[in-house]
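Enquirer:
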Amino acid sequence: MSAWFDYTVNGFVIGNIYALLAVGLALIYGVANLVNFAHGSVYVVGAYIGWAAITHLGTPLPLTLLCVVVVCALVGVAIERIGLRALQGSSRIAPLLATIGIGLVLDQVVQLVWSPDPRAVPMQVPEWRIAIGGGTIGALDLLIAGIGCSSAAVLYGFLRFTKLGWAVRATAQDSDAAQQMGVDINRVNMAVFAIASVLSGISGLLVGMYYNQINPAMSFEATLKGIVALIIGGLGNVPGAIAGSLILGLTESYGIALFGTSYRNLFAFVLLVAMLLWRPNGLFAPRRAAAPEPMVGTFIARSLPVKLPRWVVPVVLLAAALLPLLNQPYLLQIGANSLMYAMLALSLTLVAGTVGQVSLGHAALLAIGGYASGLLALDAGWPVALAIPAAGLITAGLGTALVWPAFRLTGHYVSIATLGIGEIVSLVILNWTGLTRGAIGLGGIPPLELFGVDLGSVQGTYWLCLVVLVLLALLQLRLLSSHLGRTWRAIRDDSVAARSHGVGEDRYKALAFGYGGFAAGISGAITAHVYSYINHETFGASLSVLALTMVILGGMGNVLGAVLGATLLIALPEAFRALAEYRILIYGVVLLLLIRFRPQGLMGTV
Amino acid sequence: MSLHRRSLLLGSASLGAGTALAPRSAGAADPVFVGVSGPLTGPNAQYGAQWKDAFDLALEQLNPAAQHKLQYVFEDSQSDPRQSVAIAQKFVNDARIVMELGDFSSPASMAASPIYQRAKLVQFGFTNSHPDFTKGGDYMWSNSISQAEEQPTLADYAITGLGRHKLGVIHLNTDWGVTSKNLFSAAVQAKGATVTAAEGFLPNERDFRSTLVRIRDSNPDGIVIIAYYADAATIVRQIRTLGLTQPIVAVSSVYSPKLIELGGDAVNGVHVITTFFPDEPRPGVQRFVEAFRAKYNRDPDTFNATAYDTMVLASTLVNQYGPTRAAIREGLGKVRGVPSVIFGTMQFDQTTRRVEGAQYKRLVVKDGRFTLFTGGTPS
Numbered sequence: 010m011s012a013w014f015d016y017t018v019n020g021f022v023i024g025n026i027y028a029l030l031a032v033g034l035a036l037i038y039g040v041a042n043l044v045n046f047a048h049g050s051v052y053v054v055g056a057y058i059g060w061a062a063i064t065h066l067g068t069p070l071p072l073t074l075l076c077v078v079v080v081c082a083l084v085g086v087a088i089e090r091i092g093l094r095a096l097q098g099s100s101r102i103a104p105l106l107a108t109i110g111i112g113l114v115l116d117q118v119v120q121l122v123w124s125p126d127p128r129a130v131p132m133q134v135p136e137w138r139i140a141i142g143g144g145t146i147g148a149l150d151l152l153i154a155g156i157g158c159s160s161a162a163v164l165y166g167f168l169r170f171t172k173l174g175w176a177v178r179a180t181a182q183d184s185d186a187a188q189q190m191g192v193d194i195n196r197v198n199m200a201v202f203a204i205a206s207v208l209s210g211i212s213g214l215l216v217g218m219y220y221n222q223i224n225p226a227m228s229f230e231a232t233l234k235g236i237v238a239l240i241i242g243g244l245g246n247v248p249g250a251i252a253g254s255l256i257l258g259l260t261e262s263y264g265i266a267l268f269g270t271s272y273r274n275l276f277a278f279v280l281l282v283a284m285l286l287w288r289p290n291g292l293f294a295p296r297r298a299a300a301p302e303p304m305v306g307t308f309i310a311r312s313l314p315v316k317l318p319r320w321v322v323p324v325v326l327l328a329a330a331l332l333p334l335l336n337q338p339y340l341l342q343i344g345a346n347s348l349m350y351a352m353l354a355l356s357l358t359l360v361a362g363t364v365g366q367v368s369l370g371h372a373a374l375l376a377i378g379g380y381a382s383g384l385l386a387l388d389a390g391w392p393v394a395l396a397i398p399a400a401g402l403i404t405a406g407l408g409t410a411l412v413w414p415a416f417r418l419t420g421h422y423v424s425i426a427t428l429g430i431g432e433i434v435s436l437v438i439l440n441w442t443g444l445t446r447g448a449i450g451l452g453g454i455p456p457l458e459l460f461g462v463d464l465g466s467v468q469g470t471y472w473l474c475l476v477v478l479v480l481l482a483l484l485q486l487r488l489l490s491s492h493l494g495r496t497w498r499a500i501r502d503d504s505v506a507a508r509s510h511g512v513g514e515d516r517y518k519a520l521a522f523g524y525g526g527f528a529a530g531i532s533g534a535i536t537a538h539v540y541s542y543i544n545h546e547t548f549g550a551s552l553s554v555l556a557l558t559m560v561i562l563g564g565m566g567n568v569l570g571a572v573l574g575a576t577l578l579i580a581l582p583e584a585f586r587a588l589a590e591y592r593i594l595i596y597g598v599v600l601l602l603l604i605r606f607r608p609q610g611l612m613g614t615v
Numbered sequence: 037m038s039l040h041r042r043s044l045l046l047g048s049a050s051l052g053a054g055t056a057l058a059p060r061s062a063g064a065a066d067p068v069f070v071g072v073s074g075p076l077t078g079p080n081a082q083y084g085a086q087w088k089d090a091f092d093l094a095l096e097q098l099n100p101a102a103q104h105k106l107q108y109v110f111e112d113s114q115s116d117p118r119q120s121v122a123i124a125q126k127f128v129n130d131a132r133i134v135m136e137l138g139d140f141s142s143p144a145s146m147a148a149s150p151i152y153q154r155a156k157l158v159q160f161g162f163t164n165s166h167p168d169f170t171k172g173g174d175y176m177w178s179n180s181i182s183q184a185e186e187q188p189t190l191a192d193y194a195i196t197g198l199g200r201h202k203l204g205v206i207h208l209n210t211d212w213g214v215t216s217k218n219l220f221s222a223a224v225q226a227k228g229a230t231v232t233a234a235e236g237f238l239p240n241e242r243d244f245r246s247t248l249v250r251i252r253d254s255n256p257d258g259i260v261i262i263a264y265y266a267d268a269a270t271i272v273r274q275i276r277t278l279g280l281t282q283p284i285v286a287v288s289s290v291y292s293p294k295l296i297e298l299g300g301d302a303v304n305g306v307h308v309i310t311t312f313f314p315d316e317p318r319p320g321v322q323r324f325v326e327a328f329r330a331k332y333n334r335d336p337d338t339f340n341a342t343a344y345d346t347m348v349l350a351s352t353l354v355n356q357y358g359p360t361r362a363a364i365r366e367g368l369g370k371v372r373g374v375p376s377v378i379f380g381t382m383q384f385d386q387t388t389r390r391v392e393g394a395q396y397k398r399l400v401v402k403d404g405r406f407t408l409f410t411g412g413t414p415s
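As they're listed, the protein sequences go chains A and B. One gets this note's numbering by counting positions in the first sequence from 1 and adding 9 to each. One gets this note's numbering by counting positions in the second sequence from 1 and adding 36 to each.
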């Protein structure tokens with residue numbers, strides 16, 4: 010019995026920490042209608058500023074906090090002013106991607122300035138502890154709880170009782186109307202980003218002290234957990250975010266209690282998806298609150314696709330087919346990588362661009378394809394040439410079935426649900442040791458071959474990928490110009506109108522995910538045979554973000570754009586290779602510039 | 037327009053390749069190159085930085101007297117298989133490169149193995165303890181410490197050294213952690229003791245309180261940590277704040293000066309085994325440690341030592357057997373008695389293509405310093 014008490018206390022302790030992150034995210038969502046993926050990066054900045062102030066200047070706690078507050082407020086203002094304000098009026102997806110880019114840049118800057126080495130943050134809070142049950146809690150736990158609750162209370166008061174607070178709420182409800190009533194929404198947004206960034210920075214510092222350890226790589230996990238807590242509490246609901254965080258902490262703790270440590274995140278993400286399905290407005294919103302996101306047709310930038318002269322595509326294709334004759338294996342390997350990712354991008358551009366279901370969990374489809382093909386070849390002894398298409402079909406079926414429950418969601422909710430589903434797939438692969446060999450991974454996957462013809466050389470791989478990609482692209486173009494393609498676009502542009510014309514949305518979405526799953530599954534399967542070894546980390550969450558970036562870069566729904574986007578984003582980091590440590594930073598900056606100056610993508614949306 | 041942009045990018049890609057491969061110091065006559073594929077950015081970037089420090093030190097010491105001056109080309113893979121395969125193509129088609137070192141993680145290294153194997157370029161994975169790494173082909177070699185050797189040593193420390201018979205295990209849930217945990221459990225059973233609980237955590241986790249409650253309730257009389265130093269520091273701190281007082285024993289990757297920095301007072305009394313200990317009086321160790329301290333003004337850790345050993349090996353191979361890929365492959369099979377900080381001397385087992393006979397030290401943290409453990413019953 011006492012153990013359960015301890016698990017409960019532990020759940021509250023960790024939930025307490027998530028709360029500081031979730032409150033800032035909730036505030037930003039409430040005002041800017043934006044899930045801020047750079048939030049975890051500001052948290053890292055705050056932690057390092059605090060560490061630097063203590064280590065180099067020897068500041069006491071109040072001064073340390075002041076440094077963090079000032080710097081993070083400035084970072085917040087800069088994010089709003091430089092990164093996001095210019096994107097007002099562009100598609101809803103642009104700011105979301107911009108925050109991903111900003112996060113990338115901030116993480117890299119921190120890493121360049123302070124090195125990737127983990128650092129110890131000197132504790133500046135008295136070290137007394139109180140015994141509770143079998144464990145103890147310390148002064149820092151109480152300080153974190155105090156800051157979490159008081160910031161939520163202050164925010165609540167601010168939003169309810171001050172003029173700027175009213176402006177914030179008015180902006181959240183309808184920014185156009187607010188502007189007409191004389192609210193300076195830019196000032197409001199700037200204030201909100203400053204406040205949220207300060208909260209995030211302080212939590213970075215306190216969490217750093219709590220664990221006596223900070224490193225630049227901790228941002229992603231922080232963002233992820235903050236978002237899960239946010240969803241549980243309800244997007245944009247500040248007190249809800251605190252409750253959501255505590256519930257998330259408790260869920261994780263009880264999950265560990267019941268099934269063991271390796272199931273912890275599995276529970277967190279299952280909770281996330283379950284919440285999205287049953288209570289998408291959060292636990293604390295009335296069930297029949299306003300429809301979650303009235304943004305039909307505005308999620309994707311409208312533009313005309315770029316018209317290429319008729320000869321361009323055949324010429325490029327011919328050049329691509331002849332590339333192996335140059336005898337440049339390094340170039341060819343980059344080419345083969347680009348082609349494998351182009352298949353993934355094709356899949357995502359259909360799902361996200363044509364049907365409007367912006368998926369942030371697409372890497373899971375690669376993982377399913379890779380494991381399916383690897384296991385068929387290794388355990389069932391199938392020839393590679395049969396295992397790969399079979400893996401495509403398995404991924405189509407399994408992928409569609411997994412996303413099926415999320416079909417009734419729209420906008421950001423789809424992105425977050427697919428993010429959660431992606432994490433669940435990865436964690437199931439890790440924990441289902443009997444089938445997938447768990448963390449050990451699949452080794453010795455046979456190389457590519459077609460009925461005895463060895464394609465394991467880089468030329469062979471390249472040509473195979475090229476043929477498969479061309480076939481998939483032709484099929485997709487054919488589908489897009491058919492009745493099916495028109496229906497998909499109708500669902501994206503106005504789902505209410507589509508439904509009133511008798512379109513069964515779920516089935517059409519299922520068809521899109523089925524085809525998308527097939528393409529992505531093939532891509533994952535080929536990757537598995539090329540790598541010969543995969544484990545649950547091979548197809549991580551960062552790949553999903555990469556795939557989405559490719560699709561946006563090329564132009565949502567645009568088949569040629571997807572291929573171009575994949576080629577560029579695989580080639581760019583290689584092109585910047587000579588710049589070593591700086592190349593990911595440059596990549597992030599390039600990404601931001603593209604979103605700023607060409608949000609509809611290079612080739613335009615279809 | 038898009039075509040133009042694309043060809044521009046491909047052009048700059050090959051341009052970038054040219055500059056990256058340019059010899060680092062033009063003065064050396066006819067230098068020989070090894071390629072290094074490892075993380076300089078991304079979540080594992082700190083390990084790439086540690087490699088670099090050790091490589092530079094080794095080459096600084098060896099090159100002046102060596103017939104063939106060795107240099108390295110370090111390509112950042114972020115420990116990502118997508119990039120490590122491209123780097124592999126780059127290396128195998130660069131005729132100057134006679135041997136490849138790395139990558140850091142198993143997925144990145146093993147994805148590139150087929151390319152190295154086909155091209156008959158030795159891939160030397162000095163951090164790859166995954167049991168399947170050297171099974172990728174006869175060009176995959178490793179001097180990473182064999183867990184089949186380390187885990188029984190660890191079990192011995194806990195059971196005969198400290199007299200513990202009911203052990204609770206916390207391990208990293210990766211290929212390395214799971215392999216180690218399985219070997220540890222087997223060794224513990226062979227010695228007649230029991231593992232009361234084994235809990236696997238994910239990289240990036242920071243909160244272990246609930247995991248530790250599970251461990252506590254399995255009533256162990258000792259706690260074993262299979263992790264890297266950064267996580268271990270956090271785990272130990274939380275073990276102590278939870279009020280658990282059992283002795284803690286940890287694997288060799290926990291040994292690092294950083295453990296003490298990150299763990300603070302809580303890590304006092306923690307036992308670790310290690311293959312590398314800067315205070316060990318053996319002359320090979322002292323030469324390395326003193327030179328490292330003089331150059332970088334800090335203590336080296338095991339990652340530095342392994343990387344240093346690896347570069348010493350590469351230089352030995354090139355100078356004893358010749359600066360060609362075939363000679364390196366030949367040499368790995370024949371070479372004996374290469375001086376090593378970790379092993380004393382290194383030679384490879386012909387079937388496993390790994391090194392055996394790491395010399396383990398038992399350490400305990402006392403007053404914020406690692407000291408040799410002298411108590412317990414000698415095994």
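Idealized CB from N, CA, C, for every residue including glycine. Predicted, not measured: the structure shown is a model, and the values here were computed from it.
Are the C-beta of A/Q609 and some C-beta of chain B separated by less than 8 Å?
Expert: By 1-based counting over the first sequence, the position of residue 609 of chain A is 600. No, because no Cβ of chain B sits closer than 8 Å to the Cβ of A/Q609.
Enquirer: Could you pull out every unbroken alpha helix (DSSP H) segment of at least 4 residues lying fully inside the stretch 433 to 512 of chain A, listed in chain order?
Expert: DSSP runs (the alpha helix (DSSP H)) wholly in the stretch 433 to 512 of chain A: 442 to 445, 467 to 489, 492 to 502 and 504 to 509.
Enquirer: Can you find at least 3 beta carbon pairs, one from the stretch 435 to 447 of chain A and one from the stretch 231 to 249 of chain A, that sit closer than 8 Å?
Expert: The stretch 435 to 447 of chain A is not in contact with the stretch 231 to 249 of chain A.
Enquirer: For A/V86, which beta-bridge partners are listed by DSSP?
Expert: Here residue 86 of chain A refers to the residue found at position 77 when the first sequence is read from its first residue. The partner list for A/V86 (beta bridge, DSSP) is empty, contrary to what the question assumes.
Enquirer: Kindly say whether B/E235, judged by its beta-carbon, lies nearer than 8 Å to any beta-carbon of chain A.
Expert: Counting from one through the second sequence, the residue named residue 235 of chain B turns up at place 199. It does; some Cβ of chain A falls within 8 Å.
Enquirer: Note the first and the last residue of the continuous beta strand (DSSP E) segment covering B/D309.
Expert: The sequence position of residue 309 of chain B within the second sequence is 273, counting from 1. The sequence shown places Ile at residue 309 of chain B, rather than the Asp named in the question. Per DSSP, B/I309 belongs to the beta strand (DSSP E) from H307 to T310.
Enquirer: Which residue wins for smallest C-alpha separation from A/F293, given the options A/G269, A/G253 and A/V462?
Expert: Here residue 293 of chain A refers to the residue found at position 284 of the first sequence. Cα-wise, what sits closest to A/F293 is A/G253.
Enquirer: Which residues in the same chain have their Cβ closer than 6 Å to the Cβ of A/L602, if we skip the five residues on either side of it in sequence?
Expert: Numbered from 1 along the first sequence, position 593 holds the residue referred to as residue 602 of chain A. Nothing meets the Cβ criterion.
Enquirer: Please check if any C-beta of chain A sits within less than 8 Å of the C-beta of B/G411.
Expert: Along the second sequence, one-based indexing puts residue 411 of chain B at 375. Not closer than 8 Å to any Cβ of chain A, the Cβ of B/G411 fails to qualify, so no.
Enquirer: Suppose you measure from the CA of B/E235 to the CA of B/L248; what does that come to, to the nearest Å?
Expert: Translated into the one-based positions of the second sequence, residue 235 of chain B becomes position 199. Translated into the one-based positions of the second sequence, residue 248 of chain B becomes position 212. Distance between the alpha carbons of B/E235 and B/L248: 9 Å.
Enquirer: In chain order, which continuous runs of the beta strand (DSSP E) of length 3 or greater are located wholly inside the stretch 242 to 289 of chain B?
Expert: Those beta strand (DSSP E) runs which fall completely within the stretch 242 to 289 of chain B and span 3+ residues are 258 to 262 and 284 to 286.
Enquirer: In terms of DSSP beta bridges, what is B/D112 paired with?
Expert: Here residue 112 of chain B corresponds to residue number 76 of the second sequence, with the count starting at 1. Partner(s): B/G74.
Enquirer: To the nearest angstrom, how far is it from the Cα of A/A300 to the Cα of A/L105?
Expert: Sequence index remark: in the first sequence, residue 300 of chain A carries index 291 (1-based). Sequence index remark: in the first sequence, residue 105 of chain A carries index 96 (1-based). Residue placement at A/A300 is poorly supported in this model, since its pLDDT is 48, which falls under 50; the coordinates still yield a value, given next. Answer to the nearest angstrom: the Cα atoms are 21 Å apart.
Enquirer: Where A/G447 and B/H166 are concerned, what is the direct C-alpha to C-alpha distance, given to the nearest angstrom?
Expert: Here residue 447 of chain A refers to the residue found at position 438 of the first sequence. Here residue 166 of chain B refers to the residue found at position 130 of the second sequence. If I take the Cα positions, the gap works out to 13 Å.
Enquirer: Going by beta-carbon coordinates alone, are B/G204 and B/S246 separated by less than 8 Å?
Expert: Position 168 of the second sequence, counted from the first residue, corresponds to residue 204 of chain B. Position 210 of the second sequence, counted from the first residue, corresponds to residue 246 of chain B. No.
Enquirer: In whole angstroms, what is the alpha-carbon distance linking B/V121 and A/S212?
Expert: In the second sequence, the residue the question calls residue 121 of chain B occupies position 85. In the first sequence, the residue the question calls residue 212 of chain A occupies position 203. If you take the alpha carbons of B/V121 and A/S212, they lie about 39 Å apart.
Enquirer: For B/Q153 and B/G173, which I take to be in contact (beta-carbon distance under 8 Å), what is that distance rounded to the nearest angstrom?
Expert: By one-based count along the second sequence, residue 153 of chain B stands at place 117. By one-based count along the second sequence, residue 173 of chain B stands at place 137. About 4 Å; that satisfies the 8 Å criterion.
Enquirer: What does B/L156 touch in chain A if you count any residue whose Cβ is under 8 Å from its own?
Expert: On the second sequence, residue 156 of chain B is found 120 positions in, with the first residue counted as 1. The question names Leu, but residue 156 of chain B in the sequence shown is Lys. Ordered by position in chain A, no residue passes the 8 Å Cβ test against B/K156, which lies about 13 Å from the chain.
Enquirer: Quick check: the stretch 190 to 204 of chain B against the stretch 276 to 288 of chain B, are there 3 or more CB pairs under 8 Å?
Expert: Contact holds: three or more Cβ-Cβ distances are below 8 Å.
Enquirer: Mapping the DSSP letters down to three states, classify B/F313 as helix, strand or coil.
Expert: Taking the first residue of the second sequence as 1, we reach residue 313 of chain B at position 277. Three-state result, B/F313: coil.
Enquirer: Determine which residues share a DSSP beta bridge with B/W177 and list them.
Expert: For the purposes of this step, residue 177 of chain B is taken as residue 141 along the second sequence, with counting starting at 1. Answer is B/F160.
Enquirer: For B/V303 and chain A, any beta-carbon pair shorter than 8 Å?
Expert: In the second sequence, counting from the first residue as 1, residue 303 of chain B sits at position 267. Taking Cβ atoms only, chain A never reaches closer than 8 Å to B/V303, which makes this a no.
Enquirer: Using a Cβ-Cβ cut-off of 7 Å (strictly less than) and excluding sequence neighbours within five positions of A/I194, which residues of its own chain qualify?
Expert: What you label residue 194 of chain A is simply residue 185 of the first sequence in a count that begins at 1. Only T180, S184, A187 and Q188 meet the Cβ criterion.
Enquirer: Give a yes or no on contact between the stretch 228 to 245 of chain A and the stretch 30 to 50 of chain A, applying the rule of three or more CB pairs nearer than 8 Å.
Expert: Yes: at least three Cβ pairs fall under 8 Å.
Enquirer: Assuming A/S347 and A/I579 make a contact with CB atoms under 8 Å, what is their CB distance in whole Å?
Expert: For the purposes of this step, residue 347 of chain A is taken as residue 338 along the first sequence, with counting starting at 1. For the purposes of this step, residue 579 of chain A is taken as residue 570 along the first sequence, with counting starting at 1. Right, their Cβ atoms sit about 4 Å apart.
Enquirer: For A/L478 and A/Q485, I'd like the C-alpha separation in whole angstroms.
Expert: Position 469 of the first sequence, counted from the start, is the residue given in the question as residue 478 of chain A. Position 476 of the first sequence, counted from the start, is the residue given in the question as residue 485 of chain A. So the two alpha carbons sit approximately 10 Å from each other.
Enquirer: Return the CA-CA distance between A/V325 and A/T536, expressed in angstroms with no decimal places.
Expert: Within the first sequence, residue 325 of chain A is the residue found at index 316, counting from 1. Within the first sequence, residue 536 of chain A is the residue found at index 527, counting from 1. Straight-line Cα distance between these residues: approximately 24 Å.
Enquirer: Can a CB atom of chain B be found closer than 8 Å to the CB of A/Y3?
Expert: Here chain A has residues from 10 to 615 only, and residue 3 of chain A is not among them.
Enquirer: Over the uninterrupted alpha helix (DSSP H) stretch that includes B/F406, give me the two end residues.
Expert: Numbered from its first residue, the second sequence carries residue 406 of chain B at position 370. First-last for B/F406: R405 to L408, but that is the beta strand (DSSP E), not the alpha helix (DSSP H).
Enquirer: Please confirm whether A/L285 and A/A415 have their CB atoms less than 8 Å apart.
Expert: Residue mapping note: residue 285 of chain A aligns to position 276 of the first sequence, counting from 1. Residue mapping note: residue 415 of chain A aligns to position 406 of the first sequence, counting from 1. Result yes, Cβ atoms of A/L285 and A/A415 sit closer than 8 Å.
Enquirer: By the three-class DSSP mapping on this structure, what secondary structure does A/A299 have?
Expert: The residue given as residue 299 of chain A occupies position 290 in the first sequence. At A/A299 the pLDDT is 47, less than 50, meaning the model places this residue with poor confidence; the figure from the coordinates comes in the next sentence. DSSP places A/A299 in coil when its eight states are reduced to three.
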